[in-house]
Amino acid sequence: MLRTAAAARRALPSVDRLLKLEAVALLVSRYGRPLVVETIRALLDERRAATADASVASRFDESGFMAACTARLHRETAPSLKPVFNLTGTVLHTNLGRALMPETAARAVTRAMTRPVNLEFDLGGGARGERDSHVERWLRKLTGAECALVVNNNAAAVYLALNTLALKKEVLVSRGELIEIGGAFRMPDIMARAGCKLLEVGTTNRTHLKDFAQAVSARTAAIMKVHTSNYAIQGFTSAVPEPELAALARERGVPFIVDLGSGMLVDLERYGLPHEPTPRAALSDGADLVTFSGDKLLGGPQAGLIVGKRELIARLRRNPLKRALRVDKMTLAALETVLRLYMNPERLAAQLPTLRLLTRPLPDIQAQAERVLPHVVAALDGTAEARAITTHSQIGSGSLPVDLLPSAGIAITGTGKRRGSLAERISAALRALPVPVIGRIKDGAFIMDLRCLDDEAEFIGQLGRLKIDRV
Ligand SMILES: *Cc1c(COP(=O)(O)O)cnc(C)c1O
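Residue numbers for the sequence shown follow the working numbering, so the first one is 88 and each next one is one higher.
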């Protein structure tokens, strides 16, 4: 026994000998020497461990070894960031990359990536230019603001505004608006990190103008309103209307900042969607600065947009943190393209993928569910049952939390006692497909909301590879 195991280990070739093979040379030219050496070592180690207690010494199978080596290199060098099917029912899914952008934006990004661009270069005067200028003119037109500025995301926008205008001073916020937006973004924490002191005003459900009026003092640097985008307080509630807060701020000589969160540039109601406040309305209600995201309802790249008074934007621009939070040329290229689409609202729903998905008519999604269903049934091969259902999509990313969009999809359920674990196994099997399918589990059923299913043929085409673990 011992002798045969030792013999088997001796039968394994050395790394150096393998590297001389022609097949390995091909792998080296494709994947690079370090990765190939690492993979060969790892596979040899595994063989050695496996033969340690083998009773029969098998001959080294060179072609089998090479096939395993190639497969592993292929798997380990595949992109980590890759497309998935978002069938979660949440259109703007933060974990799945939020907004989808139009091809025109992708082309603009490619151009900016592969060629020199006038990022900070004024072609008129031949001197240094301002990188935000490429999008500022559109933001001004679309919001009516005097000036605009762009940073990495809306969290950065809030941070920069507070740090610039309220360092070591107080910012007044209603208690009902001290939100957490998932992950590490909690308004009180951002305020603390920005170096400001948060002064909570009013109560959780009701805050009045007089609460703000009493709270303003010589230490106050700003009054802030946060759009409670990911929850709604219902019942006995009261919030101070923006024009009244703006008037109070003006009277006391402090800026009034509005964090809109999503902030849509056009009125969503014209597309049959629920109302969402616009930066233009916030500014005309008297806000001095408005912050919002680029990749939520706006449907563009990750960015934080700040629009408002010239003098305040100029102060933000002079803050050294602006340099740390600035966006790169790819973001600006995509953002410029997307903002430009807003100049033609009639065609916006056709041109902006996020808005197109949000406005997809229910009968359209239902018809798709009926088309897709037989393919899902066939792929399940009797392991579970599937049926077409009506469901509700969410806009997501904290936008409009209580407004659900009627949608359609497919529910997969098992029978008997193993229902729950079946949904988990279906979910895992769909995630393991070449283009992973992400759905959601509800009441023991695996649900796929088809609102965001664009490439139906690709989805159906890979279903034949579905492998569900049987327990
Ligand atoms: C989403 C959101 C933010 C954070 O925006 P990001 O672009 O994700 O950084 C801040 N404030 C509100 C009200 C939001 O909804």
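Glycine included, every Cβ here is placed at the ideal spot set by N, Cα and C.
Kindly examine ligand 1 and report whether one of its heavy atoms sits closer than 8 Å to the Cβ of Leu232.
Here residue 232 refers to the residue found at position 145 when the sequence shown is read from its first residue. Checking the sequence, you will find Ala at residue 232 rather than Leu. No, the beta carbon of Ala232 sits no closer than 8 Å to any heavy atom of ligand 1.
My output table needs one value for Gly359: the three-state DSSP class, helix, strand or coil.
Position 272 of the sequence shown, counted from the first residue, corresponds to residue 359. Coil.
Can you tell me the Cα-Cα spacing of Arg135 and Arg96, whole angstroms?
Against the sequence shown, residue 135 aligns to sequence position 48. Against the sequence shown, residue 96 aligns to sequence position 9. For Arg135 and Arg96, the distance between alpha carbons rounds to 6 Å.
Say the cut is 8 Å; is the CB of Lys383 nearer than that to a heavy atom of ligand 1?
What you label residue 383 is simply residue 296 of the sequence shown in a count that begins at 1. Because some heavy atom of ligand 1 lies under 8 Å away, the Cβ of Lys383 counts as near it: yes.
Does at least one heavy atom of ligand 1 sit under 8 Å from the Cβ of Ser484?
Translated into the one-based positions of the sequence shown, residue 484 becomes position 397. Result yes, Cβ under 8 Å from ligand 1.
Pairing CB atoms from the segment 185–197 with CB atoms from the segment 413–432, are three or more of them under 8 Å?
yes
List the endpoints of the continuous beta strand (DSSP E) containing Leu492.
Translated into the one-based positions of the sequence shown, residue 492 becomes position 405. First-last of the beta strand (DSSP E) with Leu492: 492–500.
Mind listing, in chain order, the continuous alpha helix (DSSP H) runs of no fewer than 4 residues lying wholly within the segment 195–238?
220–230
Do Leu254 and Gly213 have their C-beta atoms closer together than 9 Å?
On the sequence shown, residue 254 is found 167 positions in, with the first residue counted as 1. On the sequence shown, residue 213 is found 126 positions in, with the first residue counted as 1. The answer is no: Cβ separation not under 9 Å.
Give the straight-line distance between the Cα atoms of Leu534 and Ser494, rounded to the nearest whole angstrom.
Against the sequence shown, residue 534 aligns to sequence position 447. Against the sequence shown, residue 494 aligns to sequence position 407. The residue you asked about is not Leu; residue 534 is Ile in the sequence shown. So the alpha carbons of these two residues sit roughly 12 Å apart.
Answer yes or no: the CB of Asp346 versus the heavy atoms of ligand 1, is any distance below 8 Å?
Against the sequence shown, residue 346 aligns to sequence position 259. Yes - ligand 1 has a heavy atom lying nearer than 8 Å to the Cβ of Asp346.
Exposed or buried, what is Gln455 when buried is set at 16 or more other beta-carbons lying within 10 Å of its beta-carbon?
Position 368 of the sequence shown, counted from the start, is the residue given in the question as residue 455. The residue in question, Gln455, is buried, as its Cβ has 16 or more Cβ neighbours within 10 Å.
Along the chain, where does the alpha helix (DSSP H) that runs through Thr446 open and close?
In the sequence shown, counting from the first residue as 1, residue 446 sits at position 359. Here Thr446 belongs to no alpha helix (DSSP H), and DSSP marks it neither H nor E.
Compute the distance between the beta-carbons of His295 and Leu347, then report whether it is under 9 Å.
Counted from its first residue, the sequence shown places residue 295 at position 208. Counted from its first residue, the sequence shown places residue 347 at position 260. For His295 and Leu347, no; Cβs fall outside 9 Å.
Between Arg443, Leu249, Arg367, which has its C-alpha nearest Ile277's C-alpha?
Position 190 of the sequence shown, counted from the start, is the residue given in the question as residue 277. Comparing Cα positions, the closest option is Leu249.
Opening and closing residue of the beta strand (DSSP E) in which Met535 lies:
Sequence index remark: in the sequence shown, residue 535 carries index 448 (1-based). Per DSSP, Met535 belongs to the beta strand (DSSP E) from 532–536.
Between Arg474 and Gln453, what straight-line distance do the alpha-carbon atoms span, to the nearest angstrom?
Position 387 of the sequence shown, counting from 1, holds the residue named residue 474. Position 366 of the sequence shown, counting from 1, holds the residue named residue 453. Each residue's alpha carbon lies about 12 Å from the other.
Does the beta carbon of Arg198 come closer than 9 Å to any beta carbon on chain E?
Absence of chain E from the displayed structure is noted, only one protein chain being present.
Tell me, which residues are paired with Ser480 by DSSP?
By one-based count along the sequence shown, residue 480 stands at place 393. Note: Ser480 sits in a beta bridge opposite Leu492.
Out of Asp375, Gly289, His362, Arg527, which one is the CA nearest neighbour of Ala334?
Taking the first residue of the sequence shown as 1, we reach residue 334 at position 247. Nearest option by C-alpha distance: Asp375.
Short check: CB of Leu259 to CB of Thr307, under 9 Å?
Taking the first residue of the sequence shown as position 1, residue 259 is located at position 172. Taking the first residue of the sequence shown as position 1, residue 307 is located at position 220. For Leu259 and Thr307, yes; Cβs fall inside 9 Å.
Kindly indicate which three-state DSSP category Met88 falls into: helix, strand or coil?
Position 1 of the sequence shown holds residue 88. Unreliable placement is indicated for Met88, whose pLDDT of 48 sits below 50; the coordinate value is still reported in the next sentence. In the structure shown, Met88 sits in coil (DSSP, three-state: anything other than H, G, I, E or B).
Distance, Cα to Cα, Gly381 vs Ser484?
As a first step, residue 381 is located in the sequence shown; it is residue number 294 there, counting from the start. As a first step, residue 484 is located in the sequence shown; it is residue number 397 there, counting from the start. So the two alpha carbons sit approximately 12 Å from each other.
Distance check for Thr251 and Asp219, CA to CA, integer angstroms please.
For the purposes of this step, residue 219 is identified with residue 132 of the sequence shown, where counting begins at 1. For the purposes of this step, residue 251 is identified with residue 164 of the sequence shown, where counting begins at 1. About 18 Å.
So, with DSSP's three-state summary, where would you put Phe323?
By 1-based counting over the sequence shown, the position of residue 323 is 236. It is coil, neither helix nor strand.
Beta-carbon gap between Pro241 and Lys383 smaller than 9 Å
Mapped onto the sequence shown, residue 241 falls at position 154. Mapped onto the sequence shown, residue 383 falls at position 296. Sequence check: residue 241 is Asn here, not Pro. Yes, these two residues count as a Cβ contact at 9 Å.
Between which two residues does the beta strand (DSSP E) holding Leu352 run?
Position 265 of the sequence shown holds residue 352. Neither: Leu352 is in no beta strand (DSSP E) and is coded neither H nor E.
Within the present structure, is the beta-carbon of Asn240 separated from the nearest heavy atom of ligand 1 by less than 8 Å?
Numbered from its first residue, the sequence shown carries residue 240 at position 153. Answer for Asn240: yes, Cβ within range of ligand 1.
Only counting runs of 3 or more residues, tell me where the beta strand (DSSP E) segments fall wholly within the segment 231–294, in order along the chain.
234–238, 257–261, 284–288
Using the three-state DSSP reduction, which class does Phe147 fall into: helix, strand or coil?
Locating residue 147 in the sequence shown gives position 60, counting from the first residue. In this structure, Phe147 counts as coil in the three-state DSSP scheme.
Got a sec: does ligand 1 put a non-hydrogen atom nearer than 8 Å to the Cβ of Ser380?
By one-based count along the sequence shown, residue 380 stands at place 293. Yes.
For Leu332, the residue or residues it bridges with in DSSP
The residue given as residue 332 occupies position 245 in the sequence shown. Per DSSP, none; premise fails for Leu332.
Under the assumption that Ile310 contacts Ala336 (Cβ atoms under 8 Å), give the Cβ distance between them as a whole number of angstroms.
As a first step, residue 310 is located in the sequence shown; it is residue number 223 there, counting from the start. As a first step, residue 336 is located in the sequence shown; it is residue number 249 there, counting from the start. About 5 Å separates the two Cβ atoms, so the contact holds.
Taking the C-alpha atoms as reference points, what is the distance between Leu106 and Ile547?
For the purposes of this step, residue 106 is taken as the residue at position 19 of the sequence shown. For the purposes of this step, residue 547 is taken as the residue at position 460 of the sequence shown. Rounded to whole angstroms, Leu106 to Ile547 spans 42 Å at the Cα level.
I'd like to confirm the pairing. Which residues does DSSP put opposite Phe546 in its beta bridges?
As a first step, residue 546 must be located in the sequence shown, where it is residue number 459. DSSP output for Phe546 lists no bridge partner at all.
So who's on the other strand from Ala473, going by DSSP bridges?
For the purposes of this step, residue 473 is identified with residue 386 of the sequence shown, where counting begins at 1. Answer by DSSP bridge pairing, in chain order: Ile499.
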